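Note sheet for the following structure.
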Amino acid sequence: MRGLPSLPVYPCAEYKQGPLEFLRNVATLAWKDLRVEFRSREILYTMAFFGVMIILIFSFAFVRQDGTVGDVVPGMLWVAVAFAGTLGLSRAFERERESDTMRALLLAPASRTAIFLGKAVAIVVFMGVVELVVVPLIALLFGAELFAHPLLLVTVLLLATAGYAIVGCVFAAMLLRVRARDVLLPVVLYPVLVPMLIAGTKATAALLPVAGVSELETAYFWIRFLCVYDAIFAVVALWTFESLVIE
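Residue numbers (my numbering): 124 to 370.
The following block contains the structure:
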């Protein structure tokens, strides 16, 4: 008995979607990944545990008698977020590859843009959960006043995490069929993320009060930088994602 021939995957530019249908597809695709993860908790537990371990190691490495470690707190935060996020990105498309459902996902009546944004939104949620654990832990262990400007801190975290997810999903899709993808992902990802990590670190440092005063103008500058970074790489990602996932 002959097996069924594999179906080719063609660009889905013919799918004409309104804004509401497009947003519904993005939400559906993101919820699919979130629901699978909330059942297994494989990525969340791994990312959270890894982030906590990094902070605990730093807490022993940078401990001081006078407790003055404020200069290293922003760097510790973003190192923990970046390293933990890599674990989530490595699994962003792994389930589709393992179960061979990527072709079915591409044949779904949804644009490639919706597929990309659904994946990116799921990664943002995963990293947001990790940040909910890591940020209070840093504030507790190091006595850092991270919540002096909570709205600005959330803005910085959201913009930087969104940029991380946008860039990361592109590289995760690009390396989907590469045998050494888990090794290559950090190698190709971190050089592109350096501007975002610097901006996130500088903005976080500017929000920390020094002698009761925060450098809000500096924080606003780096927030604007993050907005530009996200916009540029969002355009590049949406332009290149379709060619990366089509065989």
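Ideal placement from N, C-alpha and C gives every residue a C-beta, glycine not left out.
For clarity, every value in this text was computed on a predicted model and none was experimentally measured.
Closer than 6 Å by C-beta to residue i: which residues in its own chain qualify, once you throw out the five before and the five after it? Chain order, please.
i, result
"R304", "L298"
"G241", "V149, L152 and A153"
"V311", "F294"
Suppose you measure from the CA of residue i to the CA of residue j; what does that come to, to the nearest Å?
i, j, result
"G126", "V306", "Only weak support is given to the placement of G126: the predicted model assigns it a pLDDT of 44, under 50, and the value that follows is read from those uncertain coordinates. When rounded, the distance between both Cα atoms is 35 Å."
"L255", "A231", "34 Å"
"L146", "I178", "37 Å"
"Y352", "F294", "16 Å"
"F216", "A296", "7 Å"
"L274", "E340", "15 Å"
"G286", "V315", "10 Å"
"F364", "V333", "43 Å"
"L143", "F181", "45 Å"
Ignore the nearest five residues each way along the sequence and tell me which others in residue i's own chain have a CB closer than 7 Å to its CB.
i, result
"I346", "T278, V279, L282 and A326"
"L228", "E219 and I238"
"A203", "G174, I177, I178 and V257"
For residue i, which three-state DSSP category applies?
i, result
"F364", "helix"
"T224", "coil"
"P232", "coil"
I'd like the span of the alpha helix (DSSP H) that includes residue i, first residue to last.
i, result
"A296", "P273 to M297"
"F172", "E165 to A184"
"G266", "No alpha helix (DSSP H) holds G266; DSSP gives it neither H nor E."
"F375", "Examination of residue 375 is not possible in this model, given that the chain is present from 124 through 370 alone."
Quick one: residues in its chain with C-beta nearer than 8 Å to the C-beta of residue i, no 5 flanking neighbours on either side, listed in chain order?
i, result
"V159", "R218"
Can you find a CB in chain B that lies within less than 8 Å of the CB of residue i?
i, result
"R302", "Protein chain content of the structure displayed is limited to a single chain, and chain B is not contained in it."
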